[in-house]
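Input: a single structure, listed below in structure tokens.
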Amino acid sequence: MSLAWIFLLLAGFFEICFTIALKYSQGFTRIIPSIITFVFVVLSFFSVSQSMKTIPIGTAYAVWAGIGAAGTVSCGILFFGDSYHIIRLISIFLIITGIIGLKLVHCD
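Quick note on my numbering: the sequence shown kicks off at 62 and runs consecutively.
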């Protein structure tokens, strides 16, 4: 796996982190979670920008958003009591399948 793909995976992970921190910030009314949100936003954007040096913009954005979406929904189900209807689980699976497909067709 190339460095660009590692940056892209990190960017997706940081997106999940900033979304969770955003929830804890309660609309930016709590200072520490708000600062943590900002830090993870910067890390996420930096990482995705580094990945775009070699990964096409469409692929990078789709993978970044997909990791963030699937990861955030999964965390919501696992840690925040969000519903886990079968359609939600299938949708997460489809997002992950799409991410894998984009990786498989991308030539480094």
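Ideal Cβ placement from N, Cα and C applies to all residues, glycine included.
Exercise for the section: Could you check if T98 is buried or exposed, using at least 16 other CB atoms within 10 Å of its CB as the buried criterion? Expected result: The residue you call residue 98 lines up with position 37 of the sequence shown. So T98 ends up on the buried side.
Exercise for the section: Could you check if T133 is buried or exposed, using at least 16 other CB atoms within 10 Å of its CB as the buried criterion? Expected result: Reading the sequence shown from its first residue, position 72 is the one you call residue 133. With at least 16 other beta carbons inside 10 angstroms of its own, T133 counts as buried.
Handout entry: CB contact flag (V124, L69, <9 Å)
Key = As a working note, residue 124 is residue 63 in the sequence shown. As a working note, residue 69 is residue 8 in the sequence shown. Their beta carbons are under 9 Å apart, which means V124 touches L69 by this criterion.
Exercise for the section: State the DSSP-derived secondary structure class of S63, mapped to helix, strand or coil. Expected result: Along the sequence shown, one-based indexing puts residue 63 at 2. When secondary structure is reduced to three states using DSSP, S63 falls in the coil class, being assigned neither helix nor strand.
Handout entry: Nonlocal neighbours in the same chain, by C-beta distance under 8 Å from I153, ignoring five residues either side
Key = Residue mapping note: residue 153 aligns to position 92 of the sequence shown, counting from 1. Here the set comprises A131, V134, S135.
Problem - Completely contained alpha helix (DSSP H) runs for the region 96 to 169, where each covers 4 or more residues - result: Counting only runs of 4 or more, we get 118 to 140, 147 to 166.
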